[in-house]
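Note sheet for the following structure.
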Amino acid sequence: MEKNVSIENYKPDFAVEAAYDLTVADLKKQGIKAVLVDLDNTLIAWNNPDGTPEMRQWLHDLRDGGIRVIVVSNNSPKRVKRAVEKFDIDFEAWSLKPFTFGIDRALKRFHYEKNEVVMVGDQLMTDIRAAHRAGIRSILVKPLVEHDSIKTQINRARERRVMKQMAEKYGPIVYKKGI
-8 MEKNVSIENY KPDFAVEAAY DLTVADLKKQ GIKAVLVDLD NTLIAWNNPD GTPEMRQWLH
52 DLRDGGIRVI VVSNNSPKRV KRAVEKFDID FEAWSLKPFT FGIDRALKRF HYEKNEVVMV
112 GDQLMTDIRA AHRAGIRSIL VKPLVEHDSI KTQINRARER RVMKQMAEKY GPIVYKKGI
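Numbering (my numbering), first residue to last: -8 to 170.
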């Protein structure tokens, strides 16, 4: 973990079972106009690029409800485009989370204020940390599949230590069915 970084920098504002549990009504109640969502293991399983019917329905519901979905991913533009073009959603690739480059680009490109967006992701070390750094709200979700790509496995080991510290200070993270 970074030196002199408090555990609060990894604490999500909300914890939800899955991104698909976020409803238009709940998001609008929070003043959310756009959902910035991680790609692998959050929107789609990293090993299932076609997504699920449930995910497609969620994207449809948000679009119909006037809430934009923007994928903010550390993957290459080619990989992200291939994954999301069939769903007709916008994206920022090479986001370099836990830094804020992708989030900052999305806010500027789509003209959103920080209080109008939320970052949804399955990793404390990248998604939630980037949201804190960017000054936006965050939602931690459970990974869609238990096994990760090799790159992510390294972060997961660090994440387990942070989760343990967070649980000692705040109690374990309780994932809900909505915000």
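Ideal Cβ placement from N, Cα and C applies to all residues, glycine included. Note that the structure is predicted; figures quoted are calculated from it, not measured.
Looking at residue i: is its Cβ nearer than 7 Å to the Cβ of residue j?
i      : j       : result
VAL165 : ALA36   : no
GLN156 : ILE(-2) : yes
VAL7   : LYS160  : no
ARG128 : PRO89   : no
VAL60  : VAL111  : no
ASP172 : ASN32   : For residue 172 there is no data in the structure shown, the boundaries of the chain being -8 and 170.
HIS123 : ASN0    : yes
With DSSP as the reference, identify every bridge partner of residue i, one or two as the case may be.
i       : result
LEU27   : ILE61, MET110
LYS167  : VAL7
GLU83   : VAL63
ILE(-2) : Paired residue(s): none; ILE(-2) is not in a bridge.
ILE35   : ASP31
Report all residues from its chain with a CB closer than 6 Å to the CB of residue i; omit the five preceding and five following residues, and keep chain order.
i       : result
PHE82   : VAL62, VAL71, VAL75
GLY42   : ILE35
ASN(-5) : Only weak support is given to the placement of ASN(-5): the predicted model assigns it a pLDDT of 47, under 50, and the value that follows is read from those uncertain coordinates. Closer than 6 Å at the Cβ level, and outside the excluded window around ASN(-5), lies no residue.
ALA9    : VAL132
PRO134  : ASN32, ASP113
Spatial neighbours of residue i within its chain, please: C-beta separation below 7 Å, excluding the five flanking residues on both sides.
i      : result
MET46  : TYR11, LEU34, ILE35
PHE5   : ILE130, ILE170
LEU30  : VAL62, SER64, ASN66, VAL71, ALA74
GLU150 : GLN114, LEU115, MET116
Quick one: what's got a C-beta closer than 8 Å to residue i's C-beta in the same chain, skipping five residues either side?
i       : result
ALA158  : ILE164
MET(-8) : With a pLDDT of 44 at MET(-8), under the threshold of 50, the modelled position of this residue cannot be trusted; read the value that follows with caution. The answer, listed in chain order, is ARG149, ARG152, VAL153.
What residue ranges within the segment 101 to 148 form continuous alpha helix (DSSP H) runs of no fewer than 4 residues, ordered along the chain? 120 to 125
Cβ pair count under 8 Å reaching 3, the segment 68 to 78 against the segment 96 to 110: no
I want to know whether the segment 12 to 23 touches the segment 36 to 56 - three or more CB-CB distances under 8 Å. yes
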